[in-house]
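Note that this note's numbering has the sequence shown beginning at 1, numbered continuously upward. Structure, as structure tokens:
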Amino acid sequence: MNKNKGFTLIELLVVIAIIGILSSVVLASLNTARAKGANAAVKANLNNIRAQAELVYDNASPNSYATVCGDPNVWKGVLAAGSAAGVTYSATALGASNYGCNSTSAGWIAFSALKTAEGTSVAWCVDSTGNSKGLAATTYSSSTVACP
1 MNKNKGFTLI ELLVVIAIIG ILSSVVLASL NTARAKGANA AVKANLNNIR
51 AQAELVYDNA SPNSYATVCG DPNVWKGVLA AGSAAGVTYS ATALGASNYG
101 CNSTSAGWIA FSALKTAEGT SVAWCVDSTG NSKGLAATTY SSSTVACP
């Protein structure tokens, strides 16, 4: 008697199909985790701006938030938040960009689009009053200095 050892072509194809299905599920979960990680990076970069903004405020004489957004270290944080979200900056106006910073003598605001929406929030905002929250849009007037 001649017994063949090994797998049939059908058995091999079934195993390959199962591996393909499992890998697609894992990759879908991985992409979701990456997007959430990018959103966390946006939030962290914007929250780090708060300490630098207070240093700028303390160093101004008289104390003022007017130059916060002109500070290179604050702007680096804003750029890092936008970069983490994968968006580009439009310098035309505060309301026309995916991320930005605005400051007056009374306060400041920094915001960035999120990589992926979290519920109704498509952007994240921090301001001089201590707010740190999600927003439904990234358009603001040039006089806005508090997260809406």
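Note that CB positions come from ideal geometry on N, CA and C, so glycine has one too. What you are looking at is a predicted structure, and each value in this text was computed from that prediction instead of being measured.
Expressed to the nearest angstrom, what Euclidean distance is found between the alpha-carbon atoms of residue i and residue j?
{"i": "Y170", "j": "A110", "result": "Outside the shown range of the chain (1 to 148) lies residue 170, about which nothing can therefore be said."}
{"i": "N59", "j": "L79", "result": "23 angstroms"}
{"i": "P62", "j": "V56", "result": "11 angstroms"}
{"i": "V15", "j": "L30", "result": "23 angstroms"}
{"i": "N47", "j": "T144", "result": "18 angstroms"}
{"i": "L101", "j": "R34", "result": "Checking the sequence shown, residue 101 turns out to be Cys, not Leu. Near 26 angstroms, if we compare the C-alpha coordinates of R34 and C101."}
{"i": "E54", "j": "V126", "result": "13 angstroms"}
{"i": "G95", "j": "V42", "result": "Because the pLDDT of G95 is 49, which lies under 50, any placement of that residue in the model is unreliable, and the question is left without a value."}
{"i": "I21", "j": "L27", "result": "10 angstroms"}
{"i": "Q52", "j": "G82", "result": "17 angstroms"}
{"i": "A17", "j": "F7", "result": "15 angstroms"}
{"i": "I10", "j": "S24", "result": "21 angstroms"}
{"i": "A85", "j": "L13", "result": "40 angstroms"}
{"i": "S103", "j": "G77", "result": "15 angstroms"}
{"i": "N131", "j": "P148", "result": "9 angstroms"}
{"i": "I19", "j": "D71", "result": "52 angstroms"}
Keeping to the same chain, check which residues put their C-beta closer than 7 angstroms to that of residue i; ignore five residues upstream and five downstream.
{"i": "V87", "result": "N98, Y99 and A113"}
{"i": "A136", "result": "T120, S121 and V122"}
Does the separation of the CB atoms of residue i and residue j fall below 8 angstroms?
{"i": "N39", "j": "E118", "result": "yes"}
{"i": "A146", "j": "T129", "result": "yes"}
{"i": "V124", "j": "Y65", "result": "Residue identity differs from the one stated: residue 124 is Trp in this sequence, not Val. No, they are not a contact pair."}
Looking only at its chain, what residues have a beta carbon closer than 8 angstroms to the beta carbon of residue i, apart from the 5 residues adjacent to it on each side?
{"i": "W75", "result": "C69 and C101"}
The beta strand (DSSP E) that contains residue i, what's its start and end?
{"i": "N102", "result": "Y99 to S103"}
{"i": "K115", "result": "W108 to E118"}
Is it buried or exposed, residue i, if we count other Cβ atoms within 10 angstroms and call 16 or more buried?
{"i": "K133", "result": "exposed"}
{"i": "I49", "result": "buried"}
{"i": "N45", "result": "buried"}
For a cutoff of 8 angstroms on Cβ pairs, would you count residue i as touching chain C?
{"i": "Y57", "result": "Here there is only one protein chain, and chain C is not present."}
Here's a check: name, in chain order, each residue in its chain whose Cβ is nearer than 6 angstroms to the Cβ of residue i, leaving out the five neighbours to either side.
{"i": "N73", "result": "Q52"}
Got a sec, what are the start and stop residues for the alpha helix (DSSP H) residue i sits in?
{"i": "V25", "result": "L9 to N59"}
{"i": "K76", "result": "P72 to A85"}
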